[in-house]
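Okay, structure first, notes after.
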Amino acid sequence: MAGSQITEEEVDAIVLGLLNLHSEAVNVDVELFSDLLKHSLSLNTMEKKRVIDAVPTLSQFQFDELSKVFTEEREKFRELAKDHPEDIKKLLAKQQSEWLQLGDLYRAELENKTQEAENKAKEDEIKKSLGL
36 MAGSQITEEE VDAIVLGLLN LHSEAVNVDV ELFSDLLKHS LSLNTMEKKR VIDAVPTLSQ
96 FQFDELSKVF TEEREKFREL AKDHPEDIKK LLAKQQSEWL QLGDLYRAEL ENKTQEAENK
156 AKEDEIKKSL GL
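Put into structure tokens, the structure is as follows:
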């Protein structure tokens, strides 16, 4: 799987899984939130990653505010698209390629964690065989 081009569907699935790590005290429509985040034209790859990585610690208020901001942003860009369709098309293309970059980042993190776990297991086996 490493090195193969990640698909938009794979990224969507990864992000949905991470968004589901929100606090049990928080009521959030993760599919809607994921869609709002994915289609945000103002956040770059790393800013979206920071939002996703913060999900387990976000409060209800923070989720609600982020959703509100993303929804307002979407409406503003729809208005701008009427007068500047080419600029918005460029932003949309950039957003789509950055979404795939985000997926690649998460996939690399997952592969690193898996590799670390395998290395630790091998290390433990060697220590055990040496009686350490």
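Going left to right, the sequence shown walks through residues 36 to 167 as this note's numbering numbers them. In this text, a Cβ means the ideal position worked out from N, Cα and C, and glycines have one as well.
Chain D contact for residue i (CB, 7 Å cutoff)
| i | result |
| --- | --- |
| G138 | Chain labels in this structure do not include chain D; a single protein chain is all it has. |
Neighbourhood of residue i by C-beta, 8 Å cutoff - its chain only, sequence neighbours within 5 removed
| i | result |
| --- | --- |
| P91 | L56, H57 and S58 |
| L51 | V65, E66 and S69 |
| D139 | I41 |
| E107 | none |
| L167 | none |
| L93 | H57, S58, V61 and L101 |
Beta-carbon proximity list for residue i, same chain, < 7 Å, skipping 5 on both sides
| i | result |
| --- | --- |
| L72 | K83, V86 and F105 |
| I123 | F112, L115 and A116 |
| K155 | none |
| D174 | In the structure as shown, the chain starts at 36 and stops at 167, and residue 174 therefore has no counterpart that could be examined. |
Closest residue to residue i among the options (Cα-Cα distance)
| i | options | result |
| --- | --- | --- |
| T80 | K155, K103 and Q131 | Q131 |
| K129 | H74, Q40 and S39 | H74 |
| E44 | L167, W134 and N147 | W134 |
| D47 | S39, Y141, E107 and K163 | Y141 |
Whole-angstrom C-beta distance between residue j and residue i, which should lie under 8 Å
| i | j | result |
| --- | --- | --- |
| N62 | Q97 | Going by Cβ atoms, the distance from N62 to Q97 rounds to 13 Å, so no, they are not a contact pair. |
Pairwise C-alpha distance: residue j and residue i
| i | j | result |
| --- | --- | --- |
| A37 | Q136 | With a pLDDT of 48 at A37, under the threshold of 50, the predicted position of this residue should be treated as unreliable, though the coordinate-derived value follows. Answer to the nearest angstrom: the Cα atoms are 14 Å apart. |
| A152 | A143 | 14 Å |
| K103 | R109 | 10 Å |
| L54 | L165 | 43 Å |
| D99 | A89 | 14 Å |
| P120 | E146 | 39 Å |
| K162 | T149 | 20 Å |
| L101 | I49 | 20 Å |
| L78 | D159 | 42 Å |
Same chain, Cβ closer than 6 Å to residue i, five either side skipped, listed in chain order
| i | result |
| --- | --- |
| L76 | F112, L126 and Q130 |
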